[in-house]
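K.L.:
Mind looking over this structure? Questions follow.
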Amino acid sequence: MNCVVAVLYLAGMDSWMTNHLVIMHSQISPFYGVYRPPGSDEFPLPASQSQVIRSDVKVSGPGTYNAIYCSSTLEVSKVKEVVTQGLTPFSNDDIIPNGDSAFGLNACRRKISTLSRGPRSSQPRTIEQLIDLRMCPLPHIITLVHEGKISVDRYQNFDAPPSDQSLLTLKIEKELPLNMFLSSNQIFRTNKKQNEKILAWSQGYLHVFKRASLWTRWEKITKYGDENQNVLEISKFLHEFNLEKRREIPTKEMNELTLMPSVETDHSKNKNVIDKYENTKMLDDMNGISLRTKLPSEMVSNDLYLYHKMTRW
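Throughout the sequence shown, residue numbering follows this note's numbering, covering 2 to 314 in sequence.
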């Protein structure tokens, strides 16, 4: 059985992001792709002859939803092709539009360039001072760090190497609130007290954070710009998260993995159509879980911080 995971994001009022659909798998060559959802707010539905089955999912309003697509006959790369057929891939600008506003990324670039040409005494020394100037929000600062225009001295959480060509070099003097790193205020948390993790949207992509040594601190364990390699951590989190929800929620309240459409398989001499029970069992055997299609989330607290992880460069 080969499967891909789909995560549909429908933007609410709290988000910079646009509606988008993530398709990913962690087999052989891990893959994380972002697409425009069909109909702007739906999951793709494979054709009946495609040999790909999909978990039943109901979409209703803003939020984050997940579904699984599987095949007993196709390789995972072919499953991905079936699911993404006809979809429009998204660029970074599609996921988080830069816009032409005062806080747009291009405006931020211009202001950083102007600052760098001014007297040293007028330049911010820390990232907090730059944020206080209201020239650039943190997501744009992270983007400029990856472009090499800003260096953040010995700070590892931005996942960018040091740059000799940066226009500004800043320091971190205090931990930054976790919600400053998030593209949406929704977070998804497991109930584990040891090695506790959360899943959240940051820079428009899914990222996993784990509890650091201090109770209110979190450390990002996935990396910006390394989406394909992040898939394993994200998939592990979703597996554990949905498994917990299966234990907590009565079966009658759950969206079971009833799959559509029914498909034929080569394992049947008579080419009989697999019934609904067998379809459901196939995915249960593969994943060991039943999904809640809409991920129940909580709002991130203002007193949660991203762990001030320093490194020697």
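Where is the CB? At the ideal position from N, CA and C, for every residue including glycine.
Alpha carbon to alpha carbon, what distance is there between I128 and L9?
P.N.:
So the alpha carbons of these two residues sit roughly 33 Å apart.
K.L.:
Contact defined as beta carbons within less than 8 Å: I believe L307 pairs with W219. What is the distance between those atoms, to the nearest angstrom?
P.N.:
Their Cβ separation, rounded to whole angstroms, is 6 Å, which keeps L307 and W219 in contact under 8 Å.
K.L.:
So, Y36 versus F91, is the Cβ gap smaller than 7 Å?
P.N.:
Result yes, Cβ atoms of Y36 and F91 sit closer than 7 Å.
K.L.:
Using a 10 Å radius around the Cβ and a threshold of 16 neighbouring Cβ atoms, would you call K150 buried or exposed?
P.N.:
Label assigned to K150: buried.
K.L.:
Look at P63 and G13 and say whether their C-beta atoms are less than 7 Å apart.
P.N.:
Yes, they are a contact pair.
K.L.:
Using alpha carbons as the reference points, say which of F44, E176, S51 lies closest to N403.
P.N.:
As displayed, the chain neither begins before 2 nor continues past 314, which places residue 403 out of reach and without an answer.
K.L.:
What does the alpha-carbon distance come out to for the pair E76 and K221?
P.N.:
The alpha-carbon atoms of E76 and K221 are separated by roughly 32 Å.
K.L.:
What residues in its chain sit with their C-beta under 8 Å from that of T85, if we drop five residues either side in the sequence?
P.N.:
Counting only Cβ-Cβ distances below 8 Å, and skipping sequence neighbours, we find I24, G34, Y36, P45.
K.L.:
Classify H268 as helix, strand or coil using the three-state DSSP reduction.
P.N.:
For H268, the pLDDT reaches just 30, beneath the cut-off of 50, and the residue's location in the model is therefore unreliable, leaving the point undetermined.
K.L.:
According to DSSP, is T144 helix, strand or coil?
P.N.:
T144: helix per DSSP, three-state reduction.
K.L.:
Count the other CB atoms within 10 Å of the CB of E174; is the residue buried (16 or more) or exposed (fewer)?
P.N.:
Exposed is the call here.
K.L.:
Can you find the residues in the same chain that come closer than 8 Å, C-beta to C-beta, to V80, ignoring five residues on each side of it along the sequence?
P.N.:
Around V80: N3, C4, V5, H26, V53, Y70, C71, S72.
K.L.:
With C-beta atoms as the reference, is V153 less than 7 Å away from L171?
P.N.:
Yes. Within cutoff.
K.L.:
Could you tell me which of I97, L200, L145, L131 sits nearest to S236, measuring between CA atoms?
P.N.:
The shortest Cα separation from S236 among I97, L200, L145, L131 belongs to L200.
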